[in-house]
Amino acid sequence: MSDFRFFVDPIRCIGCKACMQACSECDTHKGKSMIHLEYIERGASTQTAPMVCMHCDLPTCAAVCPADAIKRTEDGVVQSSQAPRCIGCSNCVNACPFGVPRYYPEIDQMLKCDMCYDRTSVGKKPMCASVCPSEALFYGTLEEFQSRRGGKPQNSFQFGAQTITTKVFLVLPDGEMGLDMDVISHMDARFEPDAFDHLDPFAHLELLPMEQPQTLRGRL
Amino acid sequence: MVKPPFSQEEFLDTYGPTLHYAPPGGFSSVEDYDALVDTHCCFCGQQCGIKLKVKNNAIVGFEPRYDFPFNKGKLCPKGIKRYLQGSHPDRLLHPMRRTEHGYQQITWDEALSETVTKIQEIQAKYGRNSFAMLSGVSLTNEKSYLVGKFARLALQTANLDYNGRLCMVSAGAGNKKAYGIDRASNHWEDITEAKVIFIIGTNIAECFPITTDYIWRARDKGAKIIYADPRMVPMARTADLYLPLRCGSDSALLMSMLHVIIRDGLTDEAFIEAHTTGFGDVRAAVADATPKWAAEITGVPAAKIEQAARWYGEAETGMILHARGLEHQVKGVENVMSCANLALATGKIGKPGCGHSTITGQGNGQGGREHGHKCDQLPGNRDITNPEHRKYICEVWGITDEELPGKGITAQEILNEIHEGKIKGLLSICFNPLVSLPDANFNREALNKLEHYSVIDFFLSETAQHADIVLPGSLQEEDEGTTTSGEGRVIKINAPVTPPGEARRDWEILLDIAGRLGRGKYFQFNNTQEIFNELRLASRGGTADYSGITWEKIVDTQGIFWPCPQTTDEGKVTMHSEHLDDRHPGTPRLYEGGKFYHPDGKAHFNAVNWRESAEVVDDEYPIWFTTGRVVSQYLSGSQTRRIGPLVDQFPHPKLELHPRMAKQLKIKTDDWVTIQTRRGEVIIQANVVNTIRPDTVFMAYHWGGKQSANLLTQRALDPISKIPEYKVSACRVRLASPEEQAEGERTQFLSSRTEKNLPAGYNLAERRKELRR
Ligand code: SF4
Ligand code: SF4
Ligand code: SF4
Chain A
204 MSDFRFFVDP IRCIGCKACM QACSECDTHK GKSMIHLEYI ERGASTQTAP MVCMHCDLPT
264 CAAVCPADAI KRTEDGVVQS SQAPRCIGCS NCVNACPFGV PRYYPEIDQM LKCDMCYDRT
324 SVGKKPMCAS VCPSEALFYG TLEEFQSRRG GKPQNSFQFG AQTITTKVFL VLPDGEMGLD
384 MDVISHMDAR FEPDAFDHLD PFAHLELLPM EQPQTLRGRL
Chain B
289 MVKPPFSQEE FLDTYGPTLH YAPPGGFSSV EDYDALVDTH CCFCGQQCGI KLKVKNNAIV
349 GFEPRYDFPF NKGKLCPKGI KRYLQGSHPD RLLHPMRRTE HGYQQITWDE ALSETVTKIQ
409 EIQAKYGRNS FAMLSGVSLT NEKSYLVGKF ARLALQTANL DYNGRLCMVS AGAGNKKAYG
469 IDRASNHWED ITEAKVIFII GTNIAECFPI TTDYIWRARD KGAKIIYADP RMVPMARTAD
529 LYLPLRCGSD SALLMSMLHV IIRDGLTDEA FIEAHTTGFG DVRAAVADAT PKWAAEITGV
589 PAAKIEQAAR WYGEAETGMI LHARGLEHQV KGVENVMSCA NLALATGKIG KPGCGHSTIT
649 GQGNGQGGRE HGHKCDQLPG NRDITNPEHR KYICEVWGIT DEELPGKGIT AQEILNEIHE
709 GKIKGLLSIC FNPLVSLPDA NFNREALNKL EHYSVIDFFL SETAQHADIV LPGSLQEEDE
769 GTTTSGEGRV IKINAPVTPP GEARRDWEIL LDIAGRLGRG KYFQFNNTQE IFNELRLASR
829 GGTADYSGIT WEKIVDTQGI FWPCPQTTDE GKVTMHSEHL DDRHPGTPRL YEGGKFYHPD
889 GKAHFNAVNW RESAEVVDDE YPIWFTTGRV VSQYLSGSQT RRIGPLVDQF PHPKLELHPR
949 MAKQLKIKTD DWVTIQTRRG EVIIQANVVN TIRPDTVFMA YHWGGKQSAN LLTQRALDPI
1009 SKIPEYKVSA CRVRLASPEE QAEGERTQFL SSRTEKNLPA GYNLAERRKE LRR
C-alpha cells in the first residue's frame, strides 16, 4: 500500500467542491471538510486550488507540537491530532509551511487531513481522490501517474533554508501555460485587448468604441 | 385558481425549502448501516454509479461505486449529497387539498376521486384535449413509458408533453434529421481516442463534471481542445483554443468553420460520396461564410475561426460535444445540424475517437425522450403521425387507431393554451414549469387560470403550490426501474427504501387513476419490471429499440447501449414479451461503417443559413443576457435547493458581468443590481469576473420566485423542436435602488430556512464560509 501516492494537479481542478463535500461525510470529522479549496482570484479567473495535507516526511507540525499529539504512521501518513493529547495551542496551525492544520474551537482540537487513514490503511482510495471528477486529485502509484498523464509531479519543496519532502505530490504543468483569463483578450479588435489589465480589474476602463449598432454603445 | 393560502413565512416553515444537513441518526450512522445498494445518481444525464448506505428504511450516506465503468467512483457534489433528499423534513407525506385556509390533509381515496371527477367533468364539458398532462424525464424509462400510455389511453388526451422539451428536443430533432436516430453517437470511452475535441455551448465542468476526466484522458494522449463559449468556464480556461462567441451566434461560427474546411480541401470526399446526401446544398450555403464575415457576427477573431476549422479538419480523429448553450435557441435545431454537417463533411463519425454528441442534461433525458413521452411520439421513438408506427403501437396496446389520440402541443404551448383558456385542467408529475419555463410571470398567470390542477410530487415545488390536489409521489431511490444515461447506456436504478408516510410510488398512483377512469384493463402491471417488458415489445423495431435488453442483463454487464434489437425470427414477430430474445450485445458506437438510420441508410446534410436570434440587443436593452447552471444545483432546484451543503456552495443566483461593463455601470462585486428585460425584472447581487464577454451577462436559473432567471427569458420557440430560447435575450442592468435592494435582501431571506436540530458541533457558520469561499 505504501507504493500509493497522492497527487494534486490544480490545473485540472474545476472548482466543483466534490472533494470537500465527500471529505465532510467522514464520521471522524462529521460535516467538516479537511480538504480546502480556494479560488485564486475569482474576479480574474475560474482557477481554483485544492489543498490536502502534504504528509511531510519530517512534519513540522509534529515537531512543534508540545503535547506530541501528531503522529506519523510507518507508511508516511501524518495523522490528525490525537484528541486526548491535543491542547488546542495552535502551534501546528502556525508552523505548517502549507497552512494545512486548522484549529476547531468547538472541540478545542486541531483537525487535519489524515489521508482517510480508515480507507487507505485497508487499501481503499481516499474519499476526495475517489470522487474528484477530473482527477485533479489522484491516488495511485507514481508509475501509474507517469504512464497515463502529463505534468511534472513534484514532492520536494523549498521554504527558505528548509527543504521539505512529502508523500503527496504537487503536479506542475508541462512547459508554460499561456493562460490569459480575460475574455477580452480572446476577442477581436473591437474589444481592444490591450485596454484591460487583468491584474487590476477595476483600474482603467474607458467606454469602448464599437462598430455594430447592436452593442453596448448608447446605453452604457 | 386561488392564491397560495399562506404568507411566505408560514409557507416556508411548513413546506420549505428547508436546508437539510445531516443524515437520519446523525453522522455516526454514516459508518453504521445495514446495506450498501448499487444504484445511480439522479442529478444529471451522466447517471453516475453510486452506492447508497441504508439503515432502517432510510438512506444514511453514500460510498463510491468504483466498479461502475462510466465514473469509477467519481462524483460531483450533487451525487455526494443526493442522499440528503431522503428523510427530508419538507417531504410530502399525505395527500392534500388546497383550500382558502391552507392545505388540508385528505385521504388517498378523496384525493384520487376528486382528481378523477374533475378530469371527467372538464373533459365532458370542453372536450378530451382540454385536459393536459405535463411530465418529466427525471422519471425512469418505465415511468416515462407509462406516462405516455397513461395520457393517451387513460386521460385520452393528445396534450401530453414533458420537460425534455426544455432540454433535449433540439438535439433530438437535429440528430434525427442528420442521422435518422437520436442518441449521442458514441460511448464516452471514444472521447479519449479523439485527437481534437470541439466543445461548443456546454459548461462541461459544471454541468457534466465527470466528462472532464474523459477529455483530460484524450489530452494526455495529445488531443487539442477547442472551446467555444461566451464565458471562460472552468474547462475553457485550459483549452488550446478558446473562442468567446457571442451568444446566439453559433451557427455563424459553425458555417464559417465548414467554409474553411471546404475551401482548404479538408473534406472527406469518399465518405461524403458513399454515405451521405445533400452536400451540394450545404456547400452552397456556406460559400460566403468567410471567417471575416463570421468574426463580425461572433466577435471571435477570424484567425481563430480559421485555426479551429483547420485543427478540426486536419485531425485524424475528432469529436464534437455540445449541450444546451447551442440548443436553447430558436436556432437550436439548425445549430445541431450545423455540427452534424461538420462531422459528416470530414467523415468524423462512426469510428473510435470520431463522433458528434449532445450531452444529455436531465437525469433520464436520454431514455425519457424515447418512449412516448412527447406530444408527437410513440414508444421506440416512433412518430405519432406515421400510420405504420401507430398501427404497431395500437397492436401492442390492444386498441384501434381511433382510440389513439394524435399529435398534441408542446410544453410551452400547453401553458400558452392554458393562458388562452383553451386547456382547463392539468395533471403534472416531475415538472416545475414555473421555474423552468421562460417568462415565469406569464406562466404563473396561466396556472392561476386552471379550473383544476392535480400534481404528483414529493416536495411542494413552486408549481405544485398552484395545484388543487397534491398527490405525494416517490423519489428515485424509492422505485425500481431503468434509466438511460447520456451515453445511451441503459442502467438499473434500485430502490433500497420505500416511500415514507402515505406517499406512494408514482406508477402506482397513475395506475390507480387509470383504474378509476375505467381504463384499468390497459394497465395490468404488478411491478415496474412488467412495465419494462411491455416497453421492450413496444420499442421493438423502432429506432430506439430496447427489445433485447433485460433488467438481468443490465445488472450483469453494467449497462447496455441501445439500439439492442431482436436477433431471432421469433423475437422479431412475437407479441409476447417473454418470447423476446436478449442476445444482441447493444451498440456502444453508432454509425460504424457509415451506416445511418434513415431509410436510405445514409446521413443527410442539412443546409443552414444564418439568421438572428428572436431578440437582439438595441438601445433600450443593450446587453446580452444568457443563463445556465452551477455545479451544485440541478434544474429547477426543487430537490437540490433543499440540500443544505449544496445550497451553501452557491446560495443565491448572482449576475456575472465583466469588469469593463461593471466599470461603466459603476457596479462592484456583491452590489445589488436590477436586471430588466421586456418580460420582467430580477434583483440580485453582482459578481464581477473577467471570465465573461464584456457585452454579456450571465445568471444561473435554478431558483424560483423573484430570484428566477426565467422572469427575464422569452417564450420564443425553435420552429421545429419548440425549445424556448433561454440562452439569448436582451436586457439592461443598473445598480439597484435602496428600495430594490431591500426587496432583494428580503427575497434572499425568504428563499430557504435552515434545519433546526443540527448535530452538536456542526458549526454551520464556519462550514458555510468554507464552502462559499
Ligand atoms: S473535486 Fe477535484 S475538481 Fe472538484 S474542486 Fe475538488 S479537486 Fe477540484
Ligand atoms: S484524504 Fe481524506 S481526510 Fe484528507 S482531504 Fe481527502 S477526503 Fe479529507
Ligand atoms: S449530478 Fe451528474 S456528475 Fe454529479 S454525481 Fe450525479 S450523475 Fe454524476
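Just so you know, the protein sequences line up as chains A and B, in that order.
For the first sequence, my numbering assigns the number 204 to the initial residue and increments by one for each residue that follows.
For the second sequence, my numbering assigns the number 289 to the initial residue and increments by one for each residue that follows.
Ideal placement from N, C-alpha and C gives every residue a C-beta, glycine not left out.
Of the residues VAL1021/B, GLN1002/B, TRP991/B, GLN937/B, which one's Cα is nearest the Cα of CYS364/B?
GLN937/B
Where ASP767/B falls, given that 16 or more other Cβ within 10 Å makes a residue buried:
buried
Within the structure, which residues are defined as neighbours of ligand 2 by a Cβ-heavy atom distance below 5 Å, reported in chain order?
CYS226/A, MET237/A, ILE238/A, VAL255/A, CYS316/A, MET318/A, CYS319/A, PRO329/A, MET330/A, CYS331/A
Secondary structure of LYS413/B, DSSP reduced to three states:
helix
Taking Cβ positions only, does CYS316/A come closer than 7 Å to chain B?
no
Taking the DSSP output, what are the residues bridged to LEU531/B?
As DSSP reads the structure, LEU531/B sits in a beta bridge with ALA516/B.
Neighbourhood of ILE214/A by C-beta distance below 6 Å, restricted to the same chain and skipping five residues each side:
Excluding sequence neighbours, ILE214/A sits near PRO376.
Check the Cβ-Cβ distances between PRO377/B and every residue of chain A, and say whether any is below 7 Å.
The Cβ of PRO377/B sits no closer than 7 Å to any Cβ of chain A.
Endpoints, alpha helix (DSSP H) assigned at GLY568/B
567 to 573
So, is the C-beta of GLN224/A closer than 7 Å to a C-beta in chain B?
yes
C-alpha gap between PRO311/B and PHE350/B, whole angstroms
10 Å
So if I threshold CB-CB distances at 8 Å, which residues from the stretch 579 to 612 of chain B count as touching chain A?
From the stretch 579 to 612 of chain B, only ALA583, GLU584, GLY587, VAL588, PRO589, ALA590, LYS592 have a Cβ closer than 8 Å to chain A.
Drop a sphere of 10 angstroms on the beta-carbon of MET223/A, count the other beta-carbons inside from all chains shown, and report buried for 16 or more, exposed for fewer.
buried
Rounded straight-line distance, which links the Cα of ALA728/B to that of GLU1058/B:
C-alpha separation (whole angstroms): 33 Å.
Have a look at ASP397/A and PRO947/B and give me their C-alpha separation to the nearest angstrom.
Confidence in ASP397/A is poor, its pLDDT being 48 and thus under 50, which makes the residue's placement too unreliable to answer from.
Cα-Cα separation between THR565/B and ARG1055/B, rounded to whole angstroms:
58 Å
Between which two residues does the beta strand (DSSP E) holding GLY713/B run?
713 to 717
With three or more C-beta pairs closer than 8 Å as the rule, is the stretch 890 to 902 of chain B touching the stretch 621 to 636 of chain B?
A contact exists between the stretch 621 to 636 of chain B and the stretch 890 to 902 of chain B.
Would VAL861/B be called buried (16 or more neighbouring beta carbons within 10 Å of its own) or exposed?
exposed
Counting contacts by CB-CB distance shorter than 7 Å, is VAL318/B in contact with chain A?
yes
To which residues of the same chain is TRP795/B closer than 8 Å at the C-beta, ignoring the five residues directly before and after it?
Only GLU430, LYS431, LEU434, ASP767, PHE813, THR816, ILE819 meet the Cβ criterion.
If you compare alpha carbons, which of GLY361/B, THR405/B, ALA1018/B is closest to THR327/B?
GLY361/B
If you draw a straight line from the C-alpha of VAL348/B to the C-alpha of GLN444/B, how long is it?
42 Å
With distances taken Cα to Cα, identify the nearest neighbour of ASN731/B among PHE746/B, PHE747/B, GLY709/B.
GLY709/B
Should ASN1045/B go down as buried or exposed, given a rule of 16 or more other Cβ atoms within 10 Å for buried?
With fewer than 16 other beta carbons inside 10 angstroms of its own, ASN1045/B counts as exposed.
May I ask you to verify whether the stretch 366 to 375 of chain B touches the stretch 695 to 710 of chain B, counting CB pairs closer than 8 Å and requiring at least 3?
no
Can you give the Cα-Cα distance for PHE399/A and ARG981/B, rounded to whole angstroms?
Residue confidence for PHE399/A is low, a pLDDT of 39 falling below 50, so the modelled location carries little weight and cannot support an answer.
Straight-line gap, VAL303/A to GLU347/A (C-alpha atoms, nearest Å):
27 Å
Rank PRO383/B, LEU1038/B, ALA826/B, GLU481/B by C-alpha distance to the C-alpha of GLU297/B and give the top, closest one.
LEU1038/B
Suppose you measure from the CA of ASN491/B to the CA of PRO522/B; what does that come to, to the nearest Å?
8 Å
Complete alpha helix (DSSP H) runs within the stretch 896 to 937 of chain B (minimum length 4 residues, chain order)
932 to 937
Rounded Cβ spacing between GLN995/B and GLU1013/B (contact assumed at less than 8 Å):
The Cβ separation is near 21 Å, so there is no contact.
Tell me which residue opens and which closes the alpha helix (DSSP H) that HIS563/B is part of.
557 to 563
Could you check whether the stretch 740 to 753 of chain B touches the stretch 802 to 809 of chain B, counting it as contact only if at least three pairs of C-beta atoms, one from each stretch, sit closer than 8 Å?
no
Beta-carbon neighbours of CYS364/B, restricted to chain A and to distances below 7 Å
CYS219, ALA221, PRO336
Would a check of beta-carbon distances place PRO501/B closer than 7 Å to chain A?
Sequence check: residue 501/B is Asp here, not Pro. Output row for ASP501/B: interface = yes.
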